[in-house]
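Here is the structure we will look at.
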Amino acid sequence: MHLSLDPWIWIAAILMIFIYSFLYKDNPFYKFAEHLVVGVSVGYGIALFYQQQFLPIVYTPLTTDFKNNWHLIVPLVLSTFFLFRFIPKVSWMIRWPIAITLGYGAGIAIPLIIQTSLYEQIRFTMLPLFGTDAGMWLTVVNLLIILGVISCLTYFYFSIKHTGVIGTVSKIGIVFLMVGFGTSFGNTVMARVSLLIGRTSFLMTDWLGLPIIK
């Protein structure tokens, strides 16, 4: 075992242990690491925004070519209204930039949501079952997709009682839903375990210098 002499690796390892100490119980070491992460993240985000957004998009165009970029003053002034939140007499003015931001965001998001979550989903249920050169396996997959869509929609159709054929189809929908939820949960667990393996490997190799047997 050969401990690392790099002070940054020591800092990273100690902070990582502080974070993992929450698995035992809440403690001051975890609180310190948590607050440090939040503070550093906010500071880094502000600095990154200033360097990559404010300077090239707002400050430089206004100072070098004000005549052709004077309109940038409008969003700049509106953005300062967010600071009025700390002044009670004019705090109501924060509603203006919030309303513009929400309206702009909704205008951008709604067409994208319709395109990806509605149109594309409907389009991929209109699949050919026969007469293609893809083979029998693709036909089976397409049948499963169509069956899954119909049965899941039937499960959430509450205008009629789920008895008889409707009840059977809705139960098939439950199976598809459980498979989907299980797959999603499995992917999440695999991603988290992968992160844990990476951090454990860092502690054992980069910090403690333990050899890994392959």
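Sequential numbering from 7 applies to the sequence shown in the numbering used here. Idealized CB from N, CA, C, for every residue including glycine. Keep in mind the model is a prediction, meaning the values are calculated, not measured.
| Query | Result |
| --- | --- |
| Measuring only the C-alpha atoms, how far is I156 from T174? | 12 Å |
| Ordered along the chain, which non-local residues of its own chain (more than five positions away) have a Cβ less than 6 Å from that of L21? | A39 |
| Tell me which residue opens and which closes the alpha helix (DSSP H) that L153 is part of. | 142-161 |
| So, do the region 41-57 and the region 26-33 have three or more beta carbon pairs nearer to each other than 8 Å? | no |
| For P62, does the three-state DSSP call read helix, strand or coil? | helix |
| So, using beta-carbon positions, are L159 and N148 closer together than 7 Å? | no |
| How many Å lie between I25 and A18 at the Cα? | 11 Å |
| Taking CB distances under 7 Å as the criterion, tell me whether T145 reaches chain D. | Among the chains of the structure shown, chain D does not appear; only one protein chain is present. |
| Please identify the residue among A115, T194, F60 whose C-alpha is closest to the C-alpha of S85. | F60 |
| Taking the CB atoms as reference points, tell me whether I100 and F88 lie closer together than 7 Å. | yes |
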